[in-house]
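Protein chains in written order, with full-length UniProt numbering: chain A, 1 to 497; chain B, 1 to 497.
Encoded structure:
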């Protein structure tokens with residue numbers, strides 16, 4: 001990774017001075033284009049050994065760029081969790097909107113590198129973490145977030161010299177103290193081996209590592225200015241991809257061959273009598289109450305996603321669940337059109353922002369699956385966008401599960417006839433009429449398209465960490481008990497792990 | 001407060017059943033008006049003794065209303081702080097946008113009531129807390145957030161009976177456990193006395209307490225449905241106040257008499273030579289570095305607001321400050337036009353959302369003072385709106401100071417001639433040209449209006465908790481040193497308290 005960086009790289013003061021004004025002007029002009037277009041954002045990741053000048057680079061870029069659209073995203077001590085949430089939450093939280101630039105000290109590379117150095121993570125664990133990162137970065141790039149990854153390189157002797165100066169100064173920087181345990185010979189040996197895996201796995205065509213020799217300040221800053229300029233130019237060029245206003249794809253009519261529908265396999269005739277229902281629902285509610293109050297639940301969390309046909313009974317099922325939960329510890333998020341802050345970021349951002357702290361419950365009434373359901377069927381996203389969403393969603397749910405959250409997903413299924421009966425009933429009861437919109441009638445016409453989308457969704461996103469539960473919802477009582485029982489089963493299984 | 005509630009209040013099942021459908025329909029219709037208008041939001045505060053049915057009321061309203069625009073806002077255990085931030089932060093955080101309804105269990109009344117019951121707060125402290133709340137609620141109401149405050153009343157014997165049932169049940173609710181210490185005879189005596197102060201001070205014309213007899217479920221729910229209906233009707237009626245799109249006031253030309261300008265008292269000729277400057281700025285930076293790294297700072301926090309004429313040097317001053325701070329612990333917020341999520345809430349929301357946890361620093365490049373500066377001068381808000389903003393801002397800063405944050409505010413002042421020189425310089429340097437916009441020239445014409453606004457702002461919001469510092473910024477070096485020295489002085493004074 002560092003071969004060419006080891007050569008001598010210097011820039012004398014006069015050369016830097018003559019080069020700087022033009023570089024600044026060019027950088028600003030292209031930054032203004034970025035701001036005006038609001039099509040993409042840029043994350044600049046700055047890595048390198050202590051003493052290589054990460055802070056100095058930051059300050060330089062603050063001098064050169066329009067600071068009003070520039071943010072520094074830093075994260076706490078390298079091996080600590082943020083606010084009881086999954087590791088990736090804090091990175092999502094700080095993500096700047098399209099048009100802006102975020103500079104990161106302490107990116108998602110930090111934790112695995114730190115754990116690798118300390119020997120908490122073996123080689124294969126580290127490789128797999130790097131592969132997770134590569135997929136994460138691919139998603140960001142495809143969703144409008146460009147990445148510029150800079151590695152400041154110092155010759156080993158120079159790095160040693162600077163580290164010593166830092167740790168012996170009167171004002172020892174806290175960051176150096178925190179990382180001190182990483183500076184033993186063994187730790188540095190492991191880190192140096194890890195660098196190869198980082199370069200091999202995460203240097204992609206869209207986000208290669210830029211190794212910048214950092215021995216000479218002027219050379220370092222001029223180089224970074226140039227690669228930044230190049231990156232911004234590529235991002236703002238005509239034809240650079242943007243997730244905003246993609247070319248809509250025409251809604252595809254399913255082909256003439258009958259396609260398999262997973263929903264057709266459900267036995268919708270299953271029913272529960274009122275007495276049995278009341279007894280069973282009370283039982284399942286008490287199981288859920290008990291599980292979410294158990295002390296072990298404080299280290300877990302529960303994320304529920306409800307999807308289903310219109311009028312399949314999502315809201316009334318959620319109401320039964322609501323009664324089993326402590327109102328201080330859960331929140332329901334009905335998912336409708338995104339706000340402008342949400343539209344200015346990758347689509348998963350609006351869900352990440354609602355991921356609760358451990359010990360809490362989040363219920364999504366419609367969810368991130370909108371991407372591969374309504375957005376796909378209505379042609380609001382390109383086939384490329386919804387096509388890759390399956391993997392992106394699996395990664396997202398995998399990160400939640402990894403952090404100890406129980407992820408439960410329901411599709412509530414009814415027949416077309418039953419839906420018609422419920423629509424008619426909604427029309428006849430004044431206080432239910434609002435639940436029926438012209439859109440519901442339009443959606444009905446697309447029933448076969450939805451069946452195909454649901455089938456593909458279930459096939460591709462039913463993972464061991466987050467399996468789908470298909471719910472026969474023709475009979476509301478049967479559906480409610482099945483949902484609550486599934487939640488109770490999953491919770492109890494998780495807590496007894 | 002509870003006189004009439006002590007009478008017998010019942011509603012038989014049949015009467016409830018015949019009343020319910022009409023009530024639901026009316027509630028929904030007026031909720032849809034609220035949603036369509038997006039002019040105001042509603043917070044429903046539900047208080048009352050354990051066992052009075054707060055949870056049941058919540059569930060009932062979830063049945064009756066469109067849940068997609070309904071949120072429950074709950075807060076953790078009553079006497080704990082949220083995420084290391086000031087007490088009010090978590091209430092601001094959950095504030096629903098205009099058009100929506102939030103239901104609160106555990107509102108801002110909880111903490112003072114809890115502390116009063118435990119004797120941690122004396123009578124006068126409690127009265128003063130209630131007065132703070134009254135002003136806070138007045139601000140919310142004026143800024144588009146209506147309040148419906150419901151107190152569920154139970155006869156003392158009935159309350160005792162229900163509490164016993166709750167605490168002895170097999171599934172003891174965690175909330176009851178947490179509040180158990182509040183149920184001693186002495187504690188309840190104090191709470192009962194506190195009720196009078198609550199009623200006297202916080203039952204205002206715009207947000208009176210609604211005492212609802214809660215002995216009979218049907219009567220309780222029907223009553224709440226009716227008062228809610230009435231509230232929603234008043235909120236959506238023509239002529240109901242809304243902070244959105246207020247009637248703009250014409251920009252007032254200052255009257256012919258020369259008005260006093262606080263800025264005219266400044267000696268703008270103060271200068272620093274380069275050598276002195278470099279020595280002094282380094283000294284002040286090291287004081288700030290030391291103070292923000294001190295262990296005592298972890299329980300405090302630093303909030304900086306920068307205001308000043310265009311080209312007065314805010315950004316370059318912030319840059320010098322930035323170098324003194326650990327990038328992991330501060331963030332700069334440039335304040336420009338609000339996003340739609342911000343515009344759908346009271347104006348202070350966009351600043352509360354960025355209030356950092358204790359031990360952190362937030363720097364606002366322009367701030368909440370925009371309300372009484374640019375928004376006033378440009379006629380974007382009514383005189384009523386900016387007129388009451390002084391008090392609202394003092395309360396806001398008071399809450400920050402109360403929570404241990406150091407609040408430092410700067411006005412950077414230059415002369416009109418110096419501004420013209422800097423504009424000209426900006427025009428001549430390519431990479432500075434972007435800093436000059438047509439708006440800057442327009443603002444220049446309004447110089448006297450800004451002088452009047454600044455003078456009134458400083459007079460009315462320079463408090464002991466958060467005094468203004470006027471900075472003679474004609475000489476950039478002098479200004480930078482004065483700013484950094486002020487920050488260092490304030491920090492050191494706070495840490496030695």
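Backbone N, C-alpha and C define an ideal beta-carbon position, used for all residues, glycine too.
- Residue 305 (chain B) carries a strand assignment under DSSP once its states are collapsed to helix, strand and coil.
- Residue A:323 holds the alpha-carbon nearest to the alpha-carbon of residue 53 (chain B) among A:323, A:455, A:398.
- Residue 281 (chain A): member of the alpha helix (DSSP H) spanning 274-293, first to last residue.
- Counting along the chain, the unbroken alpha helix (DSSP H) around residue 197 (chain A) starts and ends at 185-202.
- Counting only runs of 3 or more residues that sit fully inside the region 27-55 of chain A, the beta strand (DSSP E) segments are 41-47, in chain order.
- Taking a C-beta cut-off of 7 Å against chain B, the contacting residues of the region 22-52 of chain A are 24, 25, 28, 32, listed in chain order.
- Secondary-structure assignment with DSSP links residue 104 (chain A) through a beta bridge to A:45, A:73.
- In the displayed model, residue 16 (chain A) falls within a helix according to three-state DSSP.
- For a Cβ distance threshold of 9 Å, residue set 327, 328 of chain B lies close to residue 105 (chain A), ordered along the chain.
- Taken residue by residue, none of the region 438-464 of chain A has a beta-carbon sitting less than 9 Å from a beta-carbon on chain B.
- In this structure, B:140 is the residue among B:121, B:90, B:140 with its C-alpha nearest to the C-alpha of residue 43 (chain B).
- Of all alpha-carbon atoms in A:135, A:5, A:493, the one lying nearest the alpha-carbon of residue 294 (chain A) is that of A:493.
- Between the C-alpha atoms of residue 316 (chain A) and residue 161 (chain B) there is a straight-line separation of about 32 Å.
- Between residue 113 (chain A) and chain B, the shortest Cβ-Cβ separation is not below 8 Å.
- Distance between residue 49 (chain A) and residue 232 (chain A), taken at the CA atoms: about 26 Å.
- Under the Cβ criterion (8 Å, minimum of three pairs), the region 1-13 of chain B counts as touching the region 213-221 of chain B.
- Taking 8 Å as the CB threshold, residue 58 (chain A) lines the interface with chain B.
- Assigned with DSSP and collapsed to three states, residue 153 (chain B) falls in strand.
- When the five nearest sequence neighbours on each side are left out, the beta carbons in the same chain lying within less than 6 Å of the beta carbon of residue 135 (chain B) are those of 395, in order along the chain.
- In this model, residue 336 (chain A) and residue 453 (chain B) are separated by some 42 Å (Cα to Cα).
- Counting along the chain, the unbroken alpha helix (DSSP H) around residue 236 (chain B) starts and ends at 217-236.
- Burial check for residue 475 (chain B): the Cβ neighbour count within 10 Å reaches 16 or more, so the residue is buried.
- For residue 221 (chain B), no CB of chain A lies under 8 Å from its own CB, so it is not counted at the interface with that chain.
- For the pair residue 368 (chain B) and residue 306 (chain B), the Cα-to-Cα distance works out to about 10 Å.
- Every unbroken stretch of the beta strand (DSSP E) spanning 3 or more residues and falling wholly within the region 456-483 of chain B is given here in chain order: 468-472.
- Residue 237 (chain B) and residue 56 (chain B) have their alpha carbons spaced roughly 29 Å apart.
- Going by DSSP, residue 333 (chain B) is part of the beta strand (DSSP E) stretching over 330-334.
- One finds 21, 24, 25, 28 in chain B with Cβ atoms closer than 7 Å to the Cβ of residue 431 (chain A), taken in chain order.
- Residue pairing of residue 363 (chain B) in beta bridges, as defined by DSSP: B:304, B:332.
- Counting C-beta pairs closer than 8 Å gives fewer than three between the region 447-464 of chain B and the region 326-345 of chain B, which falls short of the contact rule.
- Between residue 350 (chain B) and chain A, the shortest Cβ-Cβ separation is not below 8 Å.
- Cβ neighbours of residue 33 (chain A) within its own chain (closer than 7 Å, five residues either side excluded): 236.
- Under the 8 Å criterion on CB atoms, residue 434 (chain B) is classed as interfacial with respect to chain A.
- Of the candidates B:334, B:382, B:384, the residue whose Cα lies closest to the Cα of residue 366 (chain B) is B:334.
- With distances taken between CA atoms, residue 465 (chain A) lies nearest to A:397 out of A:397, A:415, A:458, A:457.
- Secondary structure at residue 86 (chain B): coil, using DSSP grouped into helix, strand and coil.
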